[in-house]
Amino acid sequence: MGKYNREQVSGKRLNVNASETDPTFTVPLRLSNHKIPMIAPAAHLLQTCSRQVRQAMTGVQHDGHISTVEELAALYGAVAPPSVIKEVDHIHPIYRPFIEAAPFAVLATAGSGGLDATPRGDPAGFVHIEDAKTLILPDRRGNNRIDSLRNIIGDPRVALLFMVPGIGETLRVNGTAEILASPDQLAAFAVAGQAPKSILRITVTSVFFQCSRAVIRAGLWKQESMVARDSLPSAGAILRTLSQAAIDGDAYDRALPQRIADTLY
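Residue numbers are given in UniProt numbering: position 89 of the sequence shown equals residue 89, and the series is strictly consecutive.
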């Protein structure tokens, strides 16, 4: 019997070299309900077959590294129709209630200085729907790092993840943003007499909901998932540690609640 070379397995070629003088055995390999008899040295079969069959079935290289879209498609399979149908290029009336009910969103940006994802929160409806293609997001008082705003100056692409307490589904919005700061524009978003320093006008390019799996797995809205505050380092403890005690962490923590209350808006 001659050498077995390049056996076909599920559309992929499997290299197996075994001469008739080698110690061999026959193994029925089942793929897609078909038995493929192969003759190969035991050690070579176990090593080569497992690696190449795994690659044939998943499209993943033997070291597990995925570097192409084709490999991803082979690993994950086709997108289900609902996952495509749910995406629209504007704020459809069916999605509007999610934005109006959300008191919290995460704003993601990218720029030459790096990436940023920042929490944004206010009473429900704080992101104003100007029209089906436009959102207005006020920039409330914070720590003045303005990482997101710096990024938008260089790269206007943004993404928002809206979350509504108690609701498993989240809403994802992608678009481009511009920073506005005229007094007339800011006055409309004043709270407690305090206008934001700027607002973002976001031109929407994509909107779709995310299913509840992640929220369910996290138990995010369950009371038993709540974590006691004293189980994690306080803001003062973090600053004391990272400043090598140059910042008095205890004093920082004592003053923080009042400082936040005084500067919330």
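Just so you know, even glycine gets a beta-carbon here, dropped at the ideal spot from N, CA and C.
Residue i, buried or exposed, once every other Cβ within 10 Å from all chains shown has been counted against 16
| i | result |
| --- | --- |
| Met163 | buried |
| Leu171 | buried |
| Leu46 | Reliability of the predicted coordinates at Leu46 is poor, the pLDDT of 43 falling under 50, and the value obtained from them is presented with this limitation in mind. Under this definition Leu46 is an exposed residue. |
| Asn151 | buried |
| Thr68 | exposed |
| Pro97 | exposed |
| Arg217 | exposed |
| Pro37 | Confidence at Pro37 is low in this model, with a pLDDT of 41, below 50, so its placement is unreliable and the value that follows should be read with caution. Flag for Pro37 reads exposed. |
| Thr109 | buried |
| Leu72 | exposed |
| Ser148 | buried |
| Ile99 | buried |
| Ala255 | exposed |
| Val127 | buried |
| Gly249 | buried |
| residue 352 | The chain is shown from 1 up to 265; residue 352 falls before or after that span and cannot be answered. |
| Pro82 | exposed |
| Pro93 | exposed |
| Asp262 | exposed |
Cβ shell of residue i (< 8 Å), same chain only, five flanking positions each side left out
| i | result |
| --- | --- |
| Asp122 | Pro103, Pro138, Arg140, Val191 |
| Asp184 | none |
| Ile247 | Gly236, Leu239, Arg240 |
| Gly111 | Arg150, Asn151, Ile152, Ile153, Gly154, Asp155 |
| Val88 | Tyr95, Ser206, Val207, Phe208 |
| Ser225 | Ala218, Gly219 |
When the options are compared against residue i, the one with the closest alpha-carbon
| i | options | result |
| --- | --- | --- |
| Phe209 | Val173, Pro165, Gln258 | Val173 |
| Ile146 | Ala117, Gly125, Ala124, Ala159 | Ala117 |
| Pro165 | Ile153, Gly219, Phe189 | Gly219 |
| Gly175 | Pro156, Ala251, Asp262 | Pro156 |
| Leu264 | Tyr95, Ala187, Gly142, Arg120 | Gly142 |
| Ala177 | Gly154, Ala195, Gly113, Pro183 | Gly154 |
| Ile199 | Ala187, Val88, Leu180 | Leu180 |
| residue 299 | Ser112, Ala80, Ala159 | Lying outside 1 to 265, the shown extent of the chain, residue 299 is not represented and no answer is given. |
| His90 | Ile129, Ser112, Gln223 | Ile129 |
| Arg201 | Asp253, Phe189, Arg229 | Phe189 |
| Tyr95 | Ala80, Gly125, Lys222 | Gly125 |
| Cys211 | Ala245, Ile167, Ala228 | Ile167 |
| Asp230 | Leu186, Ser243, Gly113, Asp253 | Asp253 |
Sequence-distant residues of its chain with Cβ nearer than 7 Å to residue i (five each side left out)
| i | result |
| --- | --- |
| Leu161 | Ala105, Val106, Thr170, Arg172 |
| Ile238 | none |
| Gln258 | none |
For residue i, the residue or residues it bridges with in DSSP
| i | result |
| --- | --- |
| Ser182 | In DSSP, Ser182 forms no bridge with anything. |
| Phe208 | Arg172 |
| Leu264 | For Leu264, which the question treats as bridged, DSSP gives no partner whatsoever. |
| Val106 | Pro119, Leu161 |
| Ala177 | Ile202 |
| Thr134 | Asp131, Thr203 |
| Asp139 | Ser198 |
| Val227 | None, per the DSSP bridge assignment. |
| Gly111 | Gly114 |
| Val191 | Gln194 |
| Val88 | Val207 |
Test: residue i CB closer than 8 Å to a CB of chain C
| i | result |
| --- | --- |
| Met226 | Included in the structure is just one protein chain, with no chain C present. |
*Tell me, please, whether the region 199 to 208 touches the region 121 to 139 by the rule of three or more beta-carbon pairs shorter than 8 Å.*
Touching, yes.
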